[in-house]
Amino acid sequence: MAEINHFEYGWITPALSYALSVLGSALGLVCAGRIRTATGAGQRAWWGLLAAWALGGTAIWAMHFVAMLGFAVAGTRIRYDVPLTAASTAIAVAAVGIGLAIVGTGRLSAVRLLAGGLFTGAGVAAMHYTGMAAMRLDGTFGFDQARVALSVVIAVVAATVALWLSMTVRRGLAVAASALVMGVAVNGMHFTGMSALSVHPHASRGELAGAEVNGLLVPIILAVVSGVVGLVYALLAAPTDDDRAGVAYLDARRDGSAQDVAAEPAPDPVGLRGRSTLGQPGTPFPSRRDASPR
Numbered sequence: 007m008a009e010i011n012h013f014e015y016g017w018i019t020p021a022l023s024y025a026l027s028v029l030g031s032a033l034g035l036v037c038a039g040r041i042r043t044a045t046g047a048g049q050r051a052w053w054g055l056l057a058a059w060a061l062g063g064t065a066i067w068a069m070h071f072v073a074m075l076g077f078a079v080a081g082t083r084i085r086y087d088v089p090l091t092a093a094s095t096a097i098a099v100a101a102v103g104i105g106l107a108i109v110g111t112g113r114l115s116a117v118r119l120l121a122g123g124l125f126t127g128a129g130v131a132a133m134h135y136t137g138m139a140a141m142r143l144d145g146t147f148g149f150d151q152a153r154v155a156l157s158v159v160i161a162v163v164a165a166t167v168a169l170w171l172s173m174t175v176r177r178g179l180a181v182a183a184s185a186l187v188m189g190v191a192v193n194g195m196h197f198t199g200m201s202a203l204s205v206h207p208h209a210s211r212g213e214l215a216g217a218e219v220n221g222l223l224v225p226i227i228l229a230v231v232s233g234v235v236g237l238v239y240a241l242l243a244a245p246t247d248d249d250r251a252g253v254a255y256l257d258a259r260r261d262g263s264a265q266d267v268a269a270e271p272a273p274d275p276v277g278l279r280g281r282s283t284l285g286q287p288g289t290p291f292p293s294r295r296d297a298s299p300r
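Count the sequence shown with my numbering and you get residues 7 to 300, in order.
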């Protein structure tokens with residue numbers, strides 16, 4: 007059995023992975039909060055998509071990939087199958103999106119929450135083991151079934167709690183605290199699953215297929231940074247509850263002012279309204295000659 011090192015670069019990779027999971031969780035919780043206040047189906051779908059990307063793409067998948075940077079096996083290099091790596095991303099985002107759709111449509115209930123948590127947790131576990139299957143090295147994988155089962159349980163519990171928080175948490179301090187807890191859960195699931203892995207080396211069979219980490223690092227970092235910037239911009243550009251209340255207040259004031267103006271008579275500075283003959287069709291306009299004595 008080959009020697010495995012999960013922290014080849016020390017504390018850097020676990021610290022970065024935890025920071026990513028907390029950042030993605032916080033953004034995802036804020037976006038999920040906008041789902042509840044959305045006024046139409048289009049807005050709910052938009053915020054649901056952003057929340058799925060924040061939670062599935064950043065908090066879960068990007069955290070997984072950064073943590074994998076510290077994974078090393080003695081005596082062999084590691085490459086990654088690009089299509090499987092991309093598939094693991096799609097699985098994470100889709101699983102979170104469907105879970106949000108389950109709990110976010112209609113009234114939140116225990117049945118919806120459990121169904122969404124079970125589906126999302128299974129999807130997160132599938133993402134994790136798909137990402138591990140994308141590794142290419144000179145050896146074969148073995149798994150401790152008990153630890154695999156434990157990682158799946160952690161994924162389901164963490165997903166259920168995350169969905170519940172996304173539907174209930176609103177205030178900033180609660181969002182920050184929830185994101186910290188979710189970061190612990192996501193990282194715990196990842197490293198529990200990684201601890202179930204063992205590698206049985208075999209003789210080198212030539213050049214390994216797939217891409218090296220260095221080749222994937224730059225595009226993934228750009229994608230994560232662009233996604234985070236886009237999420238922050240979308241949140242800053244969207245109107246808040248206070249903004250909507252202010253607009254409603256101004257509209258009400260404007261409508262009331264228009265009614266008051268319509269109810270008041272128009273000003274008559276020269277007294278023309280008092281000359282009743284002006285209001286009768288066909289009446290000639292009075293002149294001074296008609297008014298002078300003869």
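For every residue, glycine included, the Cβ atom is placed at its ideal position computed from N, Cα and C.
- Following the DSSP letters along the chain, one finds Gly145 inside the beta strand (DSSP E) bounded by residues 145-149.
- Of the residues assessed, Val117 falls on the exposed side of the cut-off, its CB having fewer than 16 other CB atoms within 10 angstroms.
- For Arg176, no pairing in a beta bridge is given by DSSP.
- Annotation: Leu237 to Val36 spans about 10 Å, alpha carbon to alpha carbon.
- The continuous beta strand (DSSP E) containing His206 extends over residues 203-207.
- For Met200, the closest C-alpha among the options Tyr135, Ala98, Val72, Leu33 is that of Tyr135.
- Excluding sequence positions up to five before and after Gly39, its CB lies within less than 6 Å of the CB of Arg176, all in the same chain and listed in chain order.
- By the criterion of at least three beta-carbon pairs nearer than 8 Å, the stretch 16-26 is in contact with the stretch 67-82.
- The DSSP assignment places complete beta strand (DSSP E) segments of no fewer than 3 residues inside the stretch 89-153 at 145-149, in order along the chain.
- Segment contact: the stretch 189-208 against the stretch 129-146, three or more CB-CB distances shorter than 8 Å; contact assigned.
- In the three-state reduction of the DSSP assignment, Tyr239 falls in the helix class, which pools H, G and I.
- Here the alpha carbons of Thr198 and Met7 stand approximately 19 Å from one another.
- Residue pairing by DSSP places Asn11 opposite Ala78 in a beta bridge.
- Between Val109 and Leu169, the CB-CB gap stays under 8 Å.
- Distances from the alpha-carbon of Ala68 to those of Ala98, Ala240, Glu218, Ala191 put Ala98 closest.
- The count of Cβ pairs closer than 8 Å, one atom from the stretch 215-234 and one from the stretch 82-89, reaches three, so the stretches are in contact.
- Contact between Ala202 and Ser157 holds: CB atoms are separated by about 7 Å, below the 8 Å threshold.
- Cβ-Cβ separation between Val162 and Gly123: approximately 6 Å, consistent with a contact (criterion under 8 Å).
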